[in-house]
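K.L.:
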Amino acid sequence: MKSLLEAGVHFGHQTRRWNPKMRRYIYTQRNGIHIIDLQQTVQKLEEALAFVRETVAQGETILFVGTKRQAQEIVEQEATRCGMPYVNTRWLGGTLTNFQTIQSRIDYLVRLEDARARGEFARLTKKEAARLEDKIAKLNRHLAGIKEMTRLPAALYVIDPGREYIAVAEARRVGIPIVAMVDTNCDPDLIDYPIPANDDAVRAIKLITSLVADAVLEGLAEREARAKVEMEAGEEELAALRETGFVFSPDEEASAAETTPEVE
Numbered sequence: 001m002k003s004l005l006e007a008g009v010h011f012g013h014q015t016r017r018w019n020p021k022m023r024r025y026i027y028t029q030r031n032g033i034h035i036i037d038l039q040q041t042v043q044k045l046e047e048a049l050a051f052v053r054e055t056v057a058q059g060e061t062i063l064f065v066g067t068k069r070q071a072q073e074i075v076e077q078e079a080t081r082c083g084m085p086y087v088n089t090r091w092l093g094g095t096l097t098n099f100q101t102i103q104s105r106i107d108y109l110v111r112l113e114d115a116r117a118r119g120e121f122a123r124l125t126k127k128e129a130a131r132l133e134d135k136i137a138k139l140n141r142h143l144a145g146i147k148e149m150t151r152l153p154a155a156l157y158v159i160d161p162g163r164e165y166i167a168v169a170e171a172r173r174v175g176i177p178i179v180a181m182v183d184t185n186c187d188p189d190l191i192d193y194p195i196p197a198n199d200d201a202v203r204a205i206k207l208i209t210s211l212v213a214d215a216v217l218e219g220l221a222e223r224e225a226r227a228k229v230e231m232e233a234g235e236e237e238l239a240a241l242r243e244t245g246f247v248f249s250p251d252e253e254a255s256a257a258e259t260t261p262e263v264e
């Protein structure tokens with residue numbers, strides 16, 4: 001609670017700029033500013049973090065989304081820290097609803113970068129090489145954060161769903177759950193796991209986003225631990241069968257080895 005207060009998580013928008021659906025998360029108003037009920041923030045934050053942790057533990061991916069100026073650097077840093085994809089410049093329409101097209105753009109970017117790495121640009125005219133360099137830079141501005149995302153994410157973490165309304169609409173359309181910081185001007189009913197919080201202050205964004213990234217890292221550790229337990233259980237089962245005198249055929253032995261889960 002203290003860290004939330006120090007980060008200014010409780011400061012909402014001016015009272016005239018509120019969304020009445022946020023009423024249940026507002027504690028009071030002070031000098032024309034709505035004050036968010038931090039007790040509810042703590043409760044909702046815990047629910048959101050538990051969801052993120054379990055989602056990642058099950059082998060899934062969380063896409064971090066925050067394109068407003070205050071959030072861009074934080075989103076990139078925290079998503080990178082926990083190994084998750086991110087969008088921090090402009091949301092490309094169809095990122096979720098037309099992922100195949102987005103994937104083709106990513107493939108094109110990767111091919112261009114591979115060609116450059118192999119020195120193929122050196123055989124082009126300066127004008128043509130410069131044109132391709134510009135294309136790589138432009139594609140990376142919008143796709144760098146999702147370059148490694150080979151399938152749709154299992155959930156979105158969004159900073160300011162009002163600003164990221166296209167991302168929210170796409171996620172809802174394809175049935176992807178949304179975790180989001182919701183300020184007093186937002187509609188929390190659009191969000192599966194709303195976190196009532198100031199989504200404009202850098203310190204507030206940093207605090208909440210770092211906690212989400214920490215939950216991702218905990219989920220990854222849990223995923224690895226589960227895989228290890230499953231692998232050890234499989235090995236114990238095979239050993240117990242051998243002790244009974246059971247003999248595997250070469251094909252069965254190979255099949256058993258293939259189905260034994262590996263620790264990532």
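In terms of this note's numbering, the sequence shown opens at residue 1 and continues consecutively.
In this text, a Cβ means the ideal position worked out from N, Cα and C, and glycines have one as well.
Remember, predicted model here, so these are calculated numbers, not experimental data.
Using three-state DSSP, classify Ala155 as helix, strand or coil.
P.N.:
Here Ala155 sits in strand by DSSP.
K.L.:
Using DSSP's beta-bridge definition, name the partner residues of Pro177.
P.N.:
DSSP output for Pro177 lists no bridge partner at all.
K.L.:
To the nearest angstrom, how far is the alpha carbon of Glu60 from that of Arg53?
P.N.:
If you take the alpha carbons of Glu60 and Arg53, they lie about 10 Å apart.
K.L.:
Label Leu5 either buried or exposed according to how many other C-beta atoms from any shown protein chain fall within 10 Å of its C-beta, with 16 as the threshold for buried.
P.N.:
It is exposed - the Cβ of Leu5 has fewer than 16 other Cβ atoms within 10 Å.
K.L.:
Within the segment 168-219, note down every full beta strand (DSSP E) run reaching 3 residues or more, in order along the chain.
P.N.:
Listed in chain order, the complete beta strand (DSSP E) runs (minimum 3 residues) inside the segment 168-219 are 178-182 and 193-196.
K.L.:
Might you give, ordered along the chain, the residues of its own chain that have their beta carbon closer than 6 Å to the beta carbon of His10, omitting 5 neighbours on each side?
P.N.:
These residues qualify, in order along the chain: Ile35, Ile36 and Leu38.
K.L.:
Thinking just about the alpha-carbon of each residue, which of Ile74, Ala171 and Arg123 is nearest to the one in Trp91?
P.N.:
Taking only the C-alpha atoms, the option nearest Trp91 is Ala171.
K.L.:
Leaving out the 5 sequence neighbours to the left and right, which residues in its chain are closer than 6 Å to Val202 when beta-carbon positions are compared?
P.N.:
Answer for Val202: Gln70, listed in chain order.
K.L.:
Taking 8 Å as the cut-off, decide whether the C-beta atoms of Val87 and Val65 are in contact.
P.N.:
Yes, these two residues count as a Cβ contact at 8 Å.
K.L.:
In this structure, how does DSSP classify Gly266 when only helix, strand and coil are distinguished?
P.N.:
Absent from the model: residue 266. The displayed extent of the chain is 1 to 264, so no value can be given.
K.L.:
Cα-Cα, which of Glu224, Tyr157 and Ala240 is closest to Leu45?
P.N.:
Checking every option, the nearest Cα to that of Leu45 belongs to Tyr157.
K.L.:
Tell me, to the nearest whole angstrom, how far the beta carbon of Asn198 is from that of Gly32; I am working on the premise that it is less than 8 Å.
P.N.:
About 15 Å; that fails the 8 Å criterion.
K.L.:
Assuming the contact rule is C-beta atoms closer than 8 Å, Asp192 and Pro177 should be a hit. Round their C-beta distance to whole Å, please.
P.N.:
About 4 Å; that satisfies the 8 Å criterion.
K.L.:
Which complete beta strand (DSSP E) runs does the segment 35-86 hold, if anything under 3 residues is left out?
P.N.:
For the segment 35-86, whole beta strand (DSSP E) runs of length 3 or above, ordered along the chain, are 62-65.
K.L.:
Which same chain residues, not among the five before or five after Arg141, have their C-beta less than 6 Å away from its C-beta?
P.N.:
Counting only Cβ-Cβ distances below 6 Å, and skipping sequence neighbours, we find Thr89.
K.L.:
Can you tell which of Ile166, Ile195 and Glu236 has the C-alpha that lies nearest to the C-alpha of Gly93?
P.N.:
Closest by alpha carbon: Ile166.
K.L.:
Around the C-beta of Val110, are 16 or more other C-beta atoms found within 10 angstroms, so that it is buried, or is it exposed?
P.N.:
By the 10 Å Cβ count, Val110 comes out exposed.
K.L.:
Does the pairing of the segment 101-110 with the segment 142-157 give three or more beta-carbon distances under 8 Å?
P.N.:
Because the criterion of three Cβ pairs below 8 Å is met, the segment 101-110 and the segment 142-157 touch.
K.L.:
Rounded to whole angstroms, what's the CA-CA distance from Arg226 to Glu78? Just pull it up for me.
P.N.:
Roughly 25 Å between the two C-alpha positions.
K.L.:
What first and last residue would you give for the alpha helix (DSSP H) that runs through Ile106?
P.N.:
Start and end: Phe99 to Ala117.
K.L.:
For Arg163, which of helix, strand or coil comes out of DSSP?
P.N.:
Coil.
K.L.:
Give the secondary structure of Arg90 by DSSP, where H, G and I count as helix, E and B as strand, and everything else as coil.
P.N.:
Here Arg90 sits in coil by DSSP.
K.L.:
Enumerate in chain order the residues of its own chain whose CB-to-CB distance from Cys186 is below 7 Å, with the five nearest sequence positions on each side excluded.
P.N.:
Same-chain partners within the cutoff: Asn19, Met22, Pro161 and Gly162.
K.L.:
Are Thr41 and Pro196 closer than 8 Å when you measure CB to CB?
P.N.:
Cβ distance < 8 Å, so Thr41 and Pro196 count as in contact.
K.L.:
Could you work out which residue in Ile26, Thr15 and Leu49 is closest to Ala155 when comparing CA atoms only?
P.N.:
Considering only alpha carbons, the answer is Leu49.
K.L.:
Which first and last residues belong to the beta strand (DSSP E) in which Ile26 is found?
P.N.:
Residues Ile26 to Arg30.
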